[in-house]
Amino acid sequence: MKQYEYMAKEHLSRQGIKIPPGRVADTPEEARNAVAEIGPAALKAQVLVGGRGKAGGIKFASTPDEAARVAESILGMDLKGFRVDRLYVEGKLDIDQELYVSVTTDRNAKAPLVMASAQGGMEIEELADEFIVRRHVNPRVGVMPYFGKEIAEALGLTASLGREFADLLGRLYQLYRNLDAELVEINPLAVVGGHLVAADARLNVDDSALYRHPDLDTVEEGSALEQKVRALGLAYVELEGDIAVMANGAGMAMATLDAIQYYGGKPANFLDAGGGASVGPTASALGVLVDMHPKAIFINIFGGITRCDDVAQAILQVRQRQGIPVPLVVRLVGTHEKEGVALLQSDGIAAFSEMSAAAQRVVELAGEGR
Amino acid sequence: MAILLRGEDRIIVQGITGNQGRFHTRQMLDYGAQVVGGTSPGKAGQTVEGIPVFNTVRQAVQATAATASIVFAPAPFAKDAAFEALENGIRLLVLIPEHIAVQDSIDIVARAQDLGAVVIGPNTFGLITPGQRTKMGIMPNHIYRPGKIGVVARSGTLSYEIAFSLSNAGLGQSTVVGMGGDPVVGQTFISVLKAFHDDPETEGVVMVGEIGGSAEEEAAEYIQTLHIPVVAYLAGRSAPPGKRMGHAGAIIERGRGTLESKERALSAAGVRVVTMPWEVAPAMQDLLGP
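Protein sequence lines, in the order shown, are assigned to chains F and V. For the first sequence, the numbering used here gives the first residue as 6, with consecutive numbering after it. For the second sequence, the numbering used here gives the first residue as 132, with consecutive numbering after it.
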């Protein structure tokens, strides 16, 4: 779960990392009051996308009146597909140098990774490798002051700034561990009057660890439909096409989308009905697909733990309950295949056994393809 | 031969009295696996499918001399279960649960490295060695055949699809290994490929990968040094960046983990990369020759 900048900053501040003075503002009036209180400020759109500045989501105001005008122009605007509902009004900094620092999880090394650069301000991917210092953290040891000093030295920081950097890195790593972060990033880490200030911050928390952070602010991502289906406990992603898809298992669901695309069709969604889902959840998942009004529906099941007859039952249930008014293609193999295929046949549905033939057929029925 | 799991390995089931633990204990026994005990706090003295239940791994290992364990504990308790196993002499640990916190996985994997133990998972279907009638996992029993193809996969159902198509094409499997769908897992493609390479019985390897991370790219570099035919199929060709495709690990983030970069790296390393799952078996047949 991603956190908005102002939330990330609050966590940094609680961890003892210096941040500029700032206020949240949801209206021009609140922005005016914020600038009256903290002086000239940056008004920053709180959206979960990078490159806000270039897209017009960060503007400056010197006076309360200007702040209200600027807030008026940013609030409600569409920023790369996200509506701006909230601003963070933050005291303007007199920046001498911009650094970069982050702690993230390196999947290959199976360990935390610290990245730092003396050339902060832009996205880390845009930086040439020679400007990035990368050091893995031994999770049994953690980040001790010497580790931060080594990195500071590699960045060419002065001795006093280096000590401050080492202290900051220790705190940042603590935050990464304490909050089960996937990423905690300060960019730019500003040098202001010889001290380090976190000018912008990102914080992503591991979804699987949210149960141990009940106090964390909830940030919903995705469309209303995505949120609704996920609430059913299913992995769901909206895509741009019009062939609705259900498969069991994440890898299988991805492969199914790929197969549709291979034959020239456009999948409408990713839906993993689970490796061993029973009749009920499978039926509610299928119900969601029908409600999407797609051109066709493709159900691709390799029954391992999932039983083919359970899937067939679910399909019949949905047909009876709400009807399936669009072409339906079912591919069914594996555990209890015979029973499942017979059930479908009794309701006039001929199941496929080959994934390729089924994918090809659903693309045809949707009127797509090459 | 086969890799990692052999017929004589003595296995315990952590969380044997739960629904999943009970069901899969039956399945593993049916397949021929040497399940010798299980654990469930406060349930010592009971039996599940004729297998004795113990309160702790310590007691189970003392009584049964098990060296392998499969964990069905709910995700919040998985780290404790994993450490309990590792600290009590378990050297092959299969972690079935999904949604284990990544930093718990980091700690588990680090401790296993220190002890020289093998961790499979988390968020895995496990591993199976058909020629020795043994498995630790939740995969269906009937789709595998003994043979000479090693399979290493990130994803369960997709690997079933491919293993079944191999079996139907007369290409049996030496061992099938599920690495797991999480960002941090015990194995790498490299560690499993190396084991297959060192196994005299394995004559070809199938890699089933997906978008996210750079495990496939790293493996490509290593494969160049191997002399064994490798076929790779990767899922997620149609996945848009920034969207998590079910698996916590399957996401193209900040430009990394795209299918194109993985396929390019693998092709350059001499791997036969196919674009659809049903192309895997014919490609392997082609590589092995008549």
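Ideal placement from N, C-alpha and C gives every residue a C-beta, glycine not left out. Here the structure is a predicted model, which means the values were calculated and not measured.
With 8 Å as the threshold, decide whether the Cβ of residue 238/V is near any Cβ in chain F. In the second sequence, residue 238/V corresponds to position 107, counting from 1. The beta-carbon of residue 238/V is placed less than 8 Å from the nearest beta-carbon of chain F.
Any contact of the region 323 to 336 of chain F with the region 291 to 302 of chain F, i.e. 3+ C-beta pairs under 8 Å? The region 323 to 336 of chain F vs the region 291 to 302 of chain F: in contact.
Just checking: is the beta-carbon of residue 315/V within a distance shorter than 8 Å of some beta-carbon in chain F? Locating residue 315/V in the second sequence gives position 184, counting from the first residue. Interface residue, yes.
Taking CB distances under 8 Å as the criterion, tell me whether residue 341/V reaches chain F. Counted from its first residue, the second sequence places residue 341/V at position 210. Put simply, the CB of residue 341/V is near chain F, with a gap under 8 Å to one of its CB atoms.
Leaving out five residues before and five after residue 181/F in sequence, what residues of the same chain have Cβ atoms less than 6 Å from its Cβ? Residue 181/F sits at position 176 when you count from the first residue of the first sequence. Sequence-distant Cβ neighbours of residue 181/F in its own chain, meaning closer than 6 Å and more than five residues away, are 108 and 189.
6 Å Cβ shell around residue 357/V - same chain, five flanking residues per side excluded: The residue labelled residue 357/V in the question sits at position 226 within the second sequence. Taken in chain order, the residues that qualify are 328.
Rounded to whole angstroms, what is the Cα-Cα separation between residue 153/F and residue 234/V? As a first step, residue 153/F must be located in the first sequence, where it is residue number 148. As a first step, residue 234/V must be located in the second sequence, where it is residue number 103. Cα atoms of residue 153/F and residue 234/V: separation of roughly 21 Å, rounded to the nearest angstrom.
For a contact defined as C-beta to C-beta under 9 Å, what are the partners of residue 242/F on chain V? Within the first sequence, residue 242/F is the residue found at index 237, counting from 1. Here the neighbours are 370, 371, 374, 375, 376 and 377.
Quick one: grab the DSSP three-state call for residue 277/F. Reading the first sequence from its first residue, position 272 is the one you call residue 277/F. Reduced to three states, the DSSP call for residue 277/F is strand.
Would you mind reading off the limits of the beta strand (DSSP E) that contains residue 141/F? For the purposes of this step, residue 141/F is identified with residue 136 of the first sequence, where counting begins at 1. Counting along the chain, the beta strand (DSSP E) containing residue 141/F begins and ends at 137 to 141.
Would you check if there are 3 or more beta carbon pairs closer than 8 Å linking the region 361 to 376 of chain V to the region 300 to 308 of chain V? Result no; under three Cβ-Cβ pairs closer than 8 Å.
Is there a Cβ of chain V sitting closer than 8 Å to that of residue 190/F, yes or no? Here the question's residue 190/F lines up with position 185 in the first sequence. No, its Cβ sits nowhere closer than 8 Å to a Cβ of chain V.
Taking the alpha-carbon of residue 29/F as reference, which of 237/F, 20/F and 15/F has the nearest alpha-carbon? In the first sequence, counting from the first residue as 1, residue 29/F sits at position 24. Comparing Cα-Cα distances from residue 29/F to each of 237/F, 20/F and 15/F, the minimum goes to 15/F.
For the region 285 to 302 of chain V, list every residue whose C-beta sits within 8 Å of some C-beta in chain F, in sequence order. So the list reads 285, 286, 287, 288, 289, 290, 291, 292 and 295, given in the order they occur along the chain.
Could you name the residues of the same chain whose beta carbon sits closer than 8 Å to that of residue 193/F, not counting the 5 residues immediately before and after it, in chain order? Numbered from its first residue, the first sequence carries residue 193/F at position 188. For residue 193/F, same chain residues with a beta-carbon under 8 Å away, outside a window of 5 residues either side, are 100, 103, 104, 105, 125, 126, 204 and 205 in chain order.
Mind checking which residues open and close the beta strand (DSSP E) that includes residue 267/V? Along the second sequence, read from residue 1 onward, the residue named residue 267/V stands at position 136. Note, residue 267/V: beta strand (DSSP E), 265 to 268.
Does the beta carbon of residue 383/V sit closer than 8 Å to a beta carbon anywhere in chain F? What you label residue 383/V is simply residue 252 of the second sequence in a count that begins at 1. Not closer than 8 Å to any Cβ of chain F, the Cβ of residue 383/V fails to qualify, so no.
Kindly list the residues whose CB is nearer than 8 Å to the CB of residue 87/F, restricted to its own chain and excluding five residues on each side of it in sequence; keep chain order. In the first sequence, residue 87/F corresponds to position 82, counting from 1. Excluding sequence neighbours, residue 87/F sits near 52, 53 and 54.
Boundaries of the beta strand (DSSP E) in which residue 258/V is found, first to last residue: For this step, residue 258/V is matched to residue 127 along the second sequence. Note, residue 258/V: beta strand (DSSP E), 257 to 260.
Could you tell me which of 324/F, 185/F and 357/F sits nearest to residue 339/F, measuring between CA atoms? By one-based count along the first sequence, residue 339/F stands at place 334. With distances taken between Cα atoms, residue 339/F lies closest to 357/F.
Where residue 292/V falls, given that 16 or more other Cβ within 10 Å makes a residue buried: Residue numbering aside, residue 292/V sits at position 161 when the second sequence is read from its first letter. The residue in question, residue 292/V, is buried, as its Cβ has 16 or more Cβ neighbours within 10 Å.
Between residue 62/F and residue 80/F, is the Cβ-Cβ spacing less than 8 Å? Here residue 62/F refers to the residue found at position 57 when the first sequence is read from its first residue. Here residue 80/F refers to the residue found at position 75 when the first sequence is read from its first residue. Not a contact, by the Cβ cut-off of 8 Å.
What runs of the alpha helix (DSSP H), each 4 residues or longer, lie entirely inside the region 102 to 188 of chain F? Entirely contained in the region 102 to 188 of chain F, the alpha helix (DSSP H) runs reaching 4 residues are, in chain order, 150 to 160 and 164 to 183.
Give the interface partners of residue 263/F over in chain V, defined as CB-CB distance under 8 Å, in chain order. Taking the first residue of the first sequence as position 1, residue 263/F is located at position 258. What residue 263/F touches in chain V: 366, 367, 368, 369, 406 and 407.
Tell me, please, whether the CB atom of residue 310/V is closer than 8 Å to any CB atom in chain F? As a position in the second sequence, residue 310/V is number 179, starting the count at 1. No, no contact with chain F.
Counting along the chain, where does the beta strand (DSSP E) carrying residue 1/F start and finish? This structure gives no information on residue 1/F, because the portion of chain F shown stretches from 6 to 375.
Within a Cβ cutoff of 8 Å, which residues of the same chain sit near residue 136/F, ignoring the five residues on either side of it in sequence? By one-based count along the first sequence, residue 136/F stands at place 131. Cβ within range, chain order: 122, 123 and 124.
If you measure beta-carbon to beta-carbon, which residues of the region 114 to 132 of chain F are closer than 9 Å to chain V? Within the region 114 to 132 of chain F, the qualifying residues are 115, 116, 117, 128, 129 and 130.
Give me the chain V residues within the contact set of residue 235/F, using Cβ-Cβ distance strictly less than 9 Å, ordered along the chain. Position 230 of the first sequence, counted from the first residue, corresponds to residue 235/F. Residues of chain V passing the Cβ test: none, with the nearest at roughly 10 Å.
Do you know how far the Cα of residue 204/V is from the Cα of residue 227/V? Translated into the one-based positions of the second sequence, residue 227/V becomes position 96. Translated into the one-based positions of the second sequence, residue 204/V becomes position 73. Each residue's Cα considered, the two are about 8 Å apart.
Would residue 31/F and residue 91/F qualify as a contact pair, given that the criterion is a beta-carbon distance under 8 Å? Counted from its first residue, the first sequence places residue 31/F at position 26. Counted from its first residue, the first sequence places residue 91/F at position 86. Going by C-beta atoms, residue 31/F is nearer than 8 Å to residue 91/F.
How about residue 270/V: is its C-beta nearer than 8 Å to some C-beta of chain F? The residue labelled residue 270/V in the question sits at position 139 within the second sequence. Yes, contact with chain F.
Which whole runs of the alpha helix (DSSP H) in the region 178 to 220 of chain V are 4 residues long or more, in chain order? Residue ranges of uninterrupted alpha helix (DSSP H) with 4 or more members, entirely inside the region 178 to 220 of chain V and ordered along the chain, are 188 to 195 and 206 to 218.
Quick one: measure Cβ to Cβ for residue 199/V and residue 231/V, integer angstroms, because I've assumed they're closer than 8 Å. In the second sequence, counting from the first residue as 1, residue 199/V sits at position 68. In the second sequence, counting from the first residue as 1, residue 231/V sits at position 100. Not really, about 19 Å apart at Cβ, beyond 8 Å.
Identify which residue in 155/F, 373/F, 49/F and 257/F has its Cα closest to the Cα of residue 299/F. Working through the first sequence from its first residue, we reach residue 299/F at position 294. Distance from the Cα of residue 299/F is smallest, within the candidate group 155/F, 373/F, 49/F and 257/F, for 373/F.
Rounded C-alpha distance that separates residue 131/F from residue 386/V: Locating residue 131/F in the first sequence gives position 126, counting from the first residue. Locating residue 386/V in the second sequence gives position 255, counting from the first residue. Their Cα atoms are separated by approximately 11 Å.
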